[in-house]
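The listed protein sequences correspond, in order, to chains Z and H.
For the first sequence, the numbering used here assigns the number 753 to the last residue and increments by one with no breaks.
For the second sequence, the numbering used here assigns the number 753 to the last residue and increments by one with no breaks.
Here the structure is laid out as structure tokens; the discussion comes afterwards.
Protein chains: 2
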Amino acid sequence: MAVDLELAPKQKRPAGEPCCEPVVYPDVERERAIRMAEVAKALGDPVRLQLVDVLRKHAGKVCVCELVPLFDISQPTLSHHLKKLREAGLVDSERRGLWAYYYVNPDALAELAGWLGD
Amino acid sequence: MAVDLELAPKQKRPAGEPCCEPVVYPDVERERAIRMAEVAKALGDPVRLQLVDVLRKHAGKVCVCELVPLFDISQPTLSHHLKKLREAGLVDSERRGLWAYYYVNPDALAELAGWLGD
DNA sequence: CCTATCCATTGACATTCGTCGACTCAATCG
DNA sequence: CGATTGAGTCGACGAATGTCAATGGATAGG
């Protein structure tokens, strides 16, 4: 937020001099951007976004065997998407016998939601 | 939102029968998910997320030549990211002589922000 | 035990992505 | 006009992605 851009140049550069001031972008912002971009990237697939949507609406733990018939993809592909969501911290899972239950991690969405909502 | 999942199965399938009810996922939700995933995907890169951040904070039109020194990437790469943001509808641009000015399209973020914020 | 079931992993494949250097093109200045 | 500048495009490259069929490992039921 220390970024304070000047207005655009009104004329051509005097030949040799740089176009603009070398504005420094704070590293703390950069790290925050990396975190939020990771979350956004995980949501950047329709299947994964719908998975998070279903898990959020259900507000509980959902068995994988209930998620599979919701999508036109194979079970290994769904498993792959769930792994991506897990790696991004968006969901967590719990194994109970044969079945695996998934649920959302609300904290993971908070930072991105806050930034988007201003 | 018509999705109303049953609780997970308590026992193994009786061999032959399907594990779960064939839940139908509404197509309208699917199309909305595709739109929002497209926006999320555009934000799924740290450079692009920071670009949107800078443009939003500046709340005006920013010249490309002012954006280039903010990042450790080449000018063609930045141009490529701006194109991606344009294609996703997140930003728009306007050419004035030699310079190109970019600004955010607030509407594009609204749907994703609304979904994230519940 | 033996078999069926759930779910994850592996390997393969085509596609997309992020990045750069080289180039093009329009516009500006002298 | 001729030289220079801003910005977009192109071609190339390695890396990552989404998808599937095949496989594996653990567990429940008979």
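Using N, Cα and C, we set each Cβ at its ideal position, and we do this for glycine too.
Bear in mind that the values here come from a model prediction, so they are computed numbers and not experimental data.
Under the three-state reduction of DSSP output, Ala694 of chain Z falls in the coil class, being neither helix nor strand. At a Cβ-Cβ threshold of 8 Å, Tyr738 of chain H and Val726 of chain H count as neighbours. A Cβ-Cβ distance of about 4 Å is found for the pair Gly724 of chain Z and Ala743 of chain Z, placing them in contact under the 8 Å criterion. Lys719 of chain Z places its beta carbon less than 8 Å from that of Ala677 of chain Z. Against chain Z, a Cβ distance below 8 Å from Gln685 of chain H picks out Tyr660, Glu664, Arg665, Ala668. If you draw a straight line from the Cα of Leu705 of chain Z to the Cα of Glu722 of chain Z, it comes to about 22 Å.
Of all residues in the stretch 691-723 of chain Z, only Lys692, His693, Val697, Cys698, Cys700, Glu701, Pro704, Leu705 come within less than 7 Å of chain H when Cβ atoms are compared, listed by chain position. For Leu684 of chain H, the CB contacts under 7 Å within the same chain, skipping 5 residues up- and downstream, are Leu678 in chain order.
At a C-beta separation below 7 Å, Leu744 of chain Z has these neighbours in chain H: Leu751. Between the C-alpha atoms of Cys700 of chain Z and Leu690 of chain Z there is a straight-line separation of about 13 Å. Less than 8 Å divides the Cβ of Val682 of chain H from the Cβ of Ile708 of chain H.
The beta carbon of Asp753 of chain H is closer than 8 Å to none in its chain, skipping five residues each way along the sequence. Contact of Asp688 of chain Z with chain H is assigned, a C-beta pair being separated by under 8 Å. Contact of Leu725 of chain Z with chain H is not assigned, every C-beta pair being separated by 8 Å or more. Per DSSP, the unbroken alpha helix (DSSP H) holding Val663 of chain H starts and ends at 662-677. His715 of chain Z and Asp662 of chain Z have their C-alpha atoms roughly 32 Å apart.
Distance from the Cα of Lys692 of chain Z is smallest, within the candidate group Z:Glu666, Z:Glu746, Z:Pro741, Z:Val703, for Z:Pro741. For Ser714 of chain Z, the secondary structure class from DSSP, reduced to helix, strand or coil, is helix. In this structure Leu751 of chain H is in contact with Leu751 of chain Z, their Cβ atoms being roughly 6 Å apart against a cut-off of 8 Å.
Sequence-distant Cβ neighbours of Ser728 of chain Z in its own chain, meaning closer than 6 Å and more than five residues away, are Ala735, Tyr737. The three-state secondary structure of Ala735 of chain H, taken from DSSP, is strand. In the DSSP assignment, Asp727 of chain Z is bridged to Z:Tyr738.
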